[in-house]
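Novice: One line per chain: the protein sequences are A and B, in this order. Just so you know, the working numbering puts 549 at position 56 of the first sequence, and the rest follows in order with no gaps. Just so you know, the working numbering puts 438 at position 12 of the second sequence, and the rest follows in order with no gaps. Here it is, the structure, as structure tokens.
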Amino acid sequence: AQTVTQSQPEMSVQEAETVTLSCTYDTSESDYYLFWYKQPPSRQMILVIRQEAYKQQNATENRFSVNFQKAAKSFSLKISDSQLGDAAMYFCAYRSGGGGSNYKLTFGKGTLLTVNP
Amino acid sequence: DAGVTQSPTHLIKTRGQQVTLRCSPKSGHDTVSWYQQALGQGPQFIFQYYEEEERQRGNFPDRFSGHQFPNYSSELNVNALLLGDSALYLCASSPGTGELFFGEGSRLTVL
Numbered sequence: 494a495q496t497v498t499q500s501q502p503e504m505s506v507q508e509a510e511t512v513t514l515s516c517t518y519d520t521s522e523s524d525y526y527l528f529w530y531k532q533p534p535s536r537q538m539i540l541v542i543r544q545e546a547y548k549q550q551n552a553t554e555n556r557f558s559v560n561f562q563k564a565a566k567s568f569s570l571k572i573s574d575s576q577l578g579d580a581a582m583y584f585c586a587y588r589s590g591g592g593g594s595n596y597k598l599t600f601g602k603g604t605l606l607t608v609n610p
Numbered sequence: 427d428a429g430v431t432q433s434p435t436h437l438i439k440t441r442g443q444q445v446t447l448r449c450s451p452k453s454g455h456d457t458v459s460w461y462q463q464a465l466g467q468g469p470q471f472i473f474q475y476y477e478e479e480e481r482q483r484g485n486f487p488d489r490f491s492g493h494q495f496p497n498y499s500s501e502l503n504v505n506a507l508l509l510g511d512s513a514l515y516l517c518a519s520s521p522g523t524g525e526l527f528f529g530e531g532s533r534l535t536v537l
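Below you can see the structure in the form of structure tokens.
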């Protein structure tokens, strides 16, 4: 079974600074996807960024980027120019590949990010 | 375009009771998944429905059951409620690409 570990229960960052959230995972599969989700107090999980395991290039979405180290099974999220609206719980998640019928996500326990003005 | 909608948003039940939670997927989405998120934890996969059938199931007892209707909406039923069933229940829909869109959840408290 796959596992996802987020070793930082809480992180804080000053507004406009950069912060990196860590995630490691364990799998024996070669085809999979990795995600970072954001969950603000409104409770809705919002997709921040996704990475396909077969792609060597790290994904980037505006101020959000990942450092995907496949051999080390590491998938960290970097948030640049942090904004107050970035404050939320961040979850790392794993999904097996193998076609479009698999929708099971395995989540880590989350990292609570605080942004200080 | 409405997103994933869930009802009720909050509810309180007592041990032994039964509960039904409802989910309407985003327009054009035919697959619905349910997750349980205990306080301070990440969501855990309960099951997934497609074409009105349960396609995948996580490690949850048979007390947890579901249904998908022809209009793709879905229900999650939990029987014989336990204190440990208190959680946020999240519904997610997908258009078949594997990308999930989540609702805001139903907060269940079992007393």
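Virtual Cβ for every residue (Gly too), placed ideally from N, Cα, C.
Could you pull the DSSP bridge partners for residue 578 (chain A) from this structure?
Specialist: In the DSSP output, where bridge partners are listed per residue, residue 578 (chain A) has none listed.
Novice: Does DSSP classify residue 511 (chain B) as helix, strand or coil?
Specialist: helix
Novice: Check whether chain A comes within 9 Å of residue 508 (chain B), counting only Cβ atoms and requiring the distance to be less than that.
Specialist: False, the Cβ-Cβ gap to chain A never drops below 9 Å.
Novice: So residue 495 (chain A) packs on residue 518 (chain A), CB below 8 Å; how close in whole Å?
Specialist: 7 Å
Novice: Could you say which of A:574, A:564, A:550, A:571 lies nearest to residue 523 (chain A) if we only look at CA atoms?
Specialist: A:564
Novice: Name the chain B residues whose beta carbon is nearer than 7 Å to that of residue 602 (chain A)?
Specialist: Simply 467, 468.
Novice: If you count every other CB in all the chains shown that lies within 10 Å of the CB of residue 495 (chain B), and 16 or more means buried, which is it?
Specialist: exposed
Novice: What is the DSSP secondary structure of residue 597 (chain A), counted as helix, strand or coil?
Specialist: coil
Novice: Is residue 606 (chain A) close to chain B? Criterion is C-beta to C-beta, closer than 9 Å.
Specialist: no
Novice: Hey, does residue 454 (chain B) have any beta-carbon neighbour from chain A nearer than 9 Å?
Specialist: no
Novice: Tell me, to the nearest whole angstrom, how far the beta carbon of residue 462 (chain B) is from that of residue 513 (chain B); I am working on the premise that it is less than 8 Å.
Specialist: 5 Å
Novice: Enumerated in chain order, which unbroken segments of the alpha helix (DSSP H) with a length of 4 residues or greater are wholly contained in the segment 449-519 of chain B?
Specialist: If we require 4 residues or more, the segment 449-519 of chain B turns out to have no alpha helix (DSSP H) run fully inside it.
Novice: What's the C-alpha gap between residue 590 (chain A) and residue 553 (chain A)?
Specialist: 21 Å
Novice: Within its chain, find whatever has a CB closer than 7 Å to the CB of residue 515 (chain A); leave out the 5 residues flanking it on each side and keep chain order.
Specialist: 499, 500, 501, 569
Novice: Taking 8 Å as the cut-off, is the C-beta of residue 514 (chain B) nearer than that to any heavy atom in the ligand SAH?
Specialist: With respect to the ligand SAH, the structure shown offers nothing to examine, as it has no ligands at all.
Novice: Please go through the same chain and pick out, in chain order, the residues whose beta-carbon is closer than 8 Å to the beta-carbon of residue 492 (chain B), but skip the five residues on each side of it.
Specialist: 460, 472, 473, 475, 480, 500, 501, 502, 503
Novice: I'd like the span of the beta strand (DSSP E) that includes residue 573 (chain A), first residue to last.
Specialist: Careful: residue 573 (chain A) lies outside any beta strand (DSSP E) and carries neither H nor E.
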